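J.: Taken in order, these protein sequences are the chains called A and B.
For what it's worth, my numbering labels the leading residue of the first sequence as 16, then goes sequentially.
For what it's worth, my numbering labels the leading residue of the second sequence as 2, then goes sequentially.
Pasting a structure here, questions to come.
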Amino acid sequence: MKKIININFQGRVIPIEESAYDILKQYIDSLRKYFANEDGRDEIINDIEGRVAELFSDRLKRGANCITDDDINAIIASIGRPEDFDAIDAEPAATGNANTNQQQQSAYQPQAPSMPYSRGRFFRNADDKIIGGVCSGIANYLHLDPVIVRIIFALLFGVLFWVYILLWVIVPSQSVQSNITKRLFRNADDKVIGGVCGGLASYFHIDSWIPRLIFALPFIIGIVSSSFHTLFWDWNWGWHFGPRIITNSLGSTLFITYIILWIAVPYATTASEKLEMRGEKVDLNTIRNTVNDDLASMKTRAEKFGSEVKEAAQNLGEKAKEFGSTAGSRAKDLGAEAGTTLKKRGSDFGSVIGTLFKIFFFFVAGIIALSLFGVLIGLLFGGMSVYPLKNFILEGFWENFLAWIVLVFFLALPLIAIITWLIRRIMGVRSRRHYLGFVFGTLWTIGLISAIFLVANLAHDFKSRSGVDETLNITQPTSGKIFIQANVKPGTYYDDNWFGANMNHSPFFGLSDDSIMFRTVRINVLKSKDSSYHIYKVRFSRSPNTERAKQLASNIRFDINQQDSIISLPKGFAVERNDKFRNQQVLLIVEVPVGKRIELDESIDDYEWFNVNIDRRRGRRGINVNFDDDDLNNSCRWESNVEYVMTDNCLERVTARSKKNNNKGGHFNMKIDKDKVEINASGDDDDNDNNSKSNNNHPDKKPSTDTSGYRYHNNKKKIDIKVDSTINIKTSTTQVDPNSSSQSTAANSMAKCEEVSKQHSHSPFLVLEQLF
Amino acid sequence: MNIENTQSQMRKGILEFCILSIIRRGEAYPSDIVDEMREAGLQILEGTLYPLLTRLKNAEMLTYRWVESNSGPPRKYFSLTEKGMTFYKELETTWNELANGVNKLTNKNESLPTVPDNTNTN
């Protein structure tokens, strides 16, 4: 049962089913839209309606009570749907287009078409204005897209601001028909993030991966080079300023440009806009072709979508939304554009949020991928630079082989894979067959397994540690003190540079083809059990078994040289290539008898001791390199350049700290009289003694245990004082007030001082002068 | 897709000429024209016809007059103007040229030995 309504159609009353009426109304609307630009549209519509009315009366005459759905559909079929019409675009169409242009112009230009101005056709556009229509007018004049002009103005805002104001004032406003046939849009069909590059590509008629590459490249290079730079901060590659400035600034400029374009440039939604985006002529044919192309691309996109199910969830949701909305708009007639535009606007909002998520996701994924990339590059280069060491670490065929596999599959392969993926993504190439991914993955797993094997192998190589110890024959020094230093045999020079890195702080140096010099030496000082000095030398090495370890240990040459109280050690020991690096170490145990002295020169500090620990309980790899090995810590603590005396409680400094004096500042008291100068200095001079020579080396000095300080005087008038920086004159209590009554005495003293100072040009006297 | 494009282009080219030739024979209204075309083997939709007629009328090739009818709304009867007649004559000449040329070419091709590849020997 259906509702019947009466309509007034072409001057006649027609009874028609309501649903049929809806169909009819839609049809007429679609015709209206179709002929929107036709000159004589109303006439055409009228004619068609007349025909419809004729057919209505036919049916009614033949006995129908009313017009039904079927009637309407049959009529529509016979007259035809708009999309089935053959559009004539030959001469009549040209005139038609000219007519439509005229019609549009007449619609938009109520006033006289041209105002005679000397500027020619340059007006401000009153129709397409955001502020004053200046940009749009310029665009019109130059046949450009106003969006481009606006962007230029926005970017060069500072300079062009006044230009803009000037133009706004001078140039008259006018409704100018937009005569651009090519506008910049964002391409919704060809988008990765926002369709900006796709739109640019269409505008300039280039492939879409070109702008993508241009936008992405400095960005990528910037990230790669910064990660590169951070990894090798210690290495003087020297060019870390050059490319980075270019890539970083360029990258950020392009980034900002992308954002601006994304915001300012609209999507090409309607078919005519899409045509404009490509700069093609907008007429019914091309519109139809575009729509058909959209359909076809919709199909292939649906296929791609099916094969891309594995990709991110946002991608999925995004495409489904697009598919749904575009398919929905296509299902309706071309004429129902208003409705579809509304729909698209609604889904646009949702897709904006989806896009934001997608960006965030891609951004994070990109950062992770790129940092991975950088790490891999670092490892690769690190691996390459370690290459000379390779022969010293890897032993045997298998280890070498595994190492190569690790290098290629484990390290280089992901690099290649990431690069390939990036390039593919940028170029928009999608491979249906994912075998490449499988191959890469398999090879990488092989690399991973090889890496594990290699590490296990290496760990095995360092498993057993063994040592060879021997007692060294030394003669007891005559002076009751032993002085230990490390030296370089004159004439031997080692290469201290390695790939630009400074090897001064590395445990090895002097890398050559068949040997490396190591400095893994440590000196422990202990209390001697008798009254003689003893030196023991222990040489350690590691190996899969103890035998080999012992053998390697005994291969270490570390001969010491004694000249009375000075013991000279070599700067390091050599490890041959055949012996391989197996954490060879030399430990010197120096036993000092109680009451005797020892001092170690600062050259000893160059030794770098480290210990490779194989610990099966901890961690995945179980190799642990300790630089701070404390398991041989039954040694007295010592610092270089300090003379120590052995007591019952281990080493003690000869320049003992005053136990009762906690004075950090120190006192400095000086008395000058005719034949002697008496100085009282007491202070905390135990700090920072490493680099300063102690002032106690003077052979004439008598060590004082007097807590009040030191007294220096002797019978000659010459005074030999070495004052170091720790005696703080600032806090001295002997400041003489120049205004006091004791000025005369001060002057006297001053005179004395000067006199004295003339004789002796020791700098401390100059300092003292200031006091008086 | 492309073949349909070409085919429709071909059709579009001769459409005006056909319509004008029908109207030349006497006054006609759109329904008649559609019927005649169908009889001649050329299908045309009224939706295509009406705009075309309107354009021709605007270009002063055609005129029309209203004829009342008791079985429906009034109808437009179209007839050729002088300008339209001139236009028609020119189109006829063009059509003859085209038809002759195409016929010559198609007939000629049949008598040539068939060339397997598409090299153009002309």
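Backbone N, C-alpha and C define an ideal beta-carbon position, used for all residues, glycine too.
Please read all numbers here as calculations on a predicted model, not as lab measurements.
Anyone know if the C-beta pair for A/I499 and A/D616 falls short of 8 Å?
T.: In contact: A/I499 and A/D616 (Cβ atoms closer than 8 Å).
J.: Along chain A, in chain order, which residues have C-beta atoms closer than 8 Å to that of B/P117?
T.: In chain order: nothing, as chain A lies at least about 32 Å away.
J.: Which bits of chain B does A/K48 rub up against, with CB to CB less than 8 Å?
T.: None at all; the shortest Cβ gap to chain B is about 13 Å.
J.: Does the contact criterion of 3 or more C-beta pairs under 8 Å hold for the region 589-609 of chain A versus the region 530-546 of chain A?
T.: Short answer: they touch.
J.: How should B/Q10 be labelled, buried or exposed, when 16 other C-beta atoms within 10 angstroms of its C-beta is the threshold for buried?
T.: The residue in question, B/Q10, is exposed, as its Cβ has fewer than 16 Cβ neighbours within 10 Å.
J.: Consult DSSP for A/T693 and reduce its assignment to one of helix, strand or coil.
T.: According to the sequence displayed, residue 693 of chain A carries Glu and not Thr. Note: A/E693 maps to strand in three-state DSSP.
J.: Which word fits A/S527, buried or exposed, when buried means at least 16 other C-beta atoms lie within 10 angstroms of its C-beta?
T.: The residue in question, A/S527, is exposed, as its Cβ has fewer than 16 Cβ neighbours within 10 Å.
J.: For B/G53, tell me which candidate among B/R39, B/E93, B/R26 and B/I15 has the shortest Cα-Cα distance.
T.: The question names Gly, yet the displayed sequence has Leu at residue 53 of chain B. Comparing Cα-Cα distances from B/L53 to each of B/R39, B/E93, B/R26 and B/I15, the minimum goes to B/I15.
J.: For B/T55, would you say it is in contact with chain A, using Cβ-to-Cβ distances shorter than 8 Å as the test?
T.: Output row for B/T55: interface = yes.
J.: Buried or exposed: A/P187, going by 16 or more other Cβ atoms within 10 Å of its Cβ?
T.: Answer is exposed; the Cβ neighbour count stays below 16.
J.: May I ask you to list the residues that DSSP assigns as paired with A/I549?
T.: The question names Ile, yet the displayed sequence has His at residue 549 of chain A. According to DSSP, which records beta bridges pairwise, A/H549 is partnered with A/E606.
J.: Go ahead and pull the three-state DSSP assignment for B/M11.
T.: It is helical.
J.: Could you tell me whether the region 558-572 of chain A touches the region 617-627 of chain A, where touching means 3 or more Cβ pairs closer than 8 Å?
T.: Too few Cβ pairs lie closer than 8 Å, so no.
J.: Using CA atoms only, rank isn't needed, just tell me which of A/R303, A/F24 and A/G462 is closest to A/F100.
T.: If we check each option's Cα against that of A/F100, A/R303 comes out closest.
J.: Would you say B/Y89 lies against chain A (beta-carbon separation less than 8 Å)?
T.: For B/Y89, the answer is no, since every Cβ of chain A falls outside 8 Å of its Cβ.
J.: State yes or no: is the C-beta of A/I87 within less than 8 Å of the C-beta of A/L46?
T.: No, Cβ-Cβ distance for A/I87 and A/L46 is not below 8 Å.
J.: Cα-Cα, which of A/V211, A/G369, A/S217 and A/K289 is closest to A/L269?
T.: Checking every option, the nearest Cα to that of A/L269 belongs to A/V211.
J.: Note down the Cα distance separating A/V162 from A/W224, rounded to an integer number of angstroms.
T.: In a straight line, the C-alpha of A/V162 is about 22 Å away from that of A/W224.
J.: Report yes if the CB atom of A/D94 is closer than 8 Å to the CB atom of B/E17, and no otherwise.
T.: In the sequence on display, residue 94 of chain A carries Ile and not Asp. No, Cβ-Cβ distance for A/I94 and B/E17 is not below 8 Å.
J.: Which residues of the region 54-72 of chain A have a Cβ closer than 7 Å to any Cβ of chain B? Give them in chain order.
T.: Hits within the stretch, in order: D54, G55, E58, I59, D62, I63, G65, R66, A68, E69 and S72.
J.: Count the other CB atoms within 10 Å of the CB of A/T535; is the residue buried (16 or more) or exposed (fewer)?
T.: It counts as buried.
J.: Ignoring anything shorter than 4 residues, give me the alpha helix (DSSP H) runs that lie fully in the region 433-479 of chain A, in order along the chain.
T.: Taking only runs of at least 4 residues, the alpha helix (DSSP H) segments lying wholly in the region 433-479 of chain A are 450-476.
J.: Could you tell me which chain D residues have their CB closer than 9 Å to the CB of A/D99, listed as they occur along the chain?
T.: The structure shown has no chain D; the protein chains it does contain are A and B.
J.: So A/Q25 contacts chain B; which residues on that side make the cut at Cβ distance below 7 Å?
T.: Chain B residues near A/Q25: P74.
J.: Please report the distance separating the alpha-carbon of A/T370 from that of A/V390.
T.: Their Cα atoms are separated by approximately 29 Å.
J.: Figure out for me which residue from A/K552, A/D620 and A/S366 has the closest Cα to the Cα of A/V601.
T.: Of A/K552, A/D620 and A/S366, the residue nearest in Cα terms is A/K552.
J.: Taking the alpha carbon of B/S22 as the reference point, which residue from B/E91, B/G102, B/T55 and B/S72 has its own alpha carbon closest?
T.: Checked all of B/E91, B/G102, B/T55 and B/S72; the closest Cα to B/S22 is B/E91.
J.: Nearest chain A C-beta to B/K77 closer than 8 Å, yes or no?
T.: At least one chain A Cβ lies under 8 Å of B/K77.
J.: Is there a C-beta anywhere in chain A that falls below 8 Å from the one on B/N59?
T.: Cβ-Cβ to chain A under 8 Å: yes for B/N59.
J.: With 16 as the cutoff for other CB atoms within 10 Å, does A/T460 come out buried or exposed?
T.: Answer is exposed; the Cβ neighbour count stays below 16.
J.: Nearest by alpha-carbon distance to A/N488: which of A/V590, A/I582, A/Y179 and A/V470 is it?
T.: Ranking the options by Cα distance to A/N488, first place goes to A/I582.
J.: List, in chain order, every chain B residue whose beta-carbon is nearer than 8 Å to that of A/I94.
T.: Near A/I94 (Cβ distances below 8 Å), the residues of chain B are L46, E47 and G48.
J.: Of all Cβ atoms in chain B, is any one closer than 8 Å to the Cβ of A/K76?
T.: It does: the Cβ of A/K76 has a partner Cβ on chain B nearer than 8 Å.
J.: If you draw a straight line from the C-alpha of B/V35 to the C-alpha of B/L50, how long is it?
T.: Rounded to the nearest angstrom, the two C-alpha atoms are 8 Å apart.
J.: Please classify A/V390: does DSSP put it in a helix, a strand, or coil?
T.: In the structure shown, A/V390 sits in a helix (DSSP, three-state: H, G or I).
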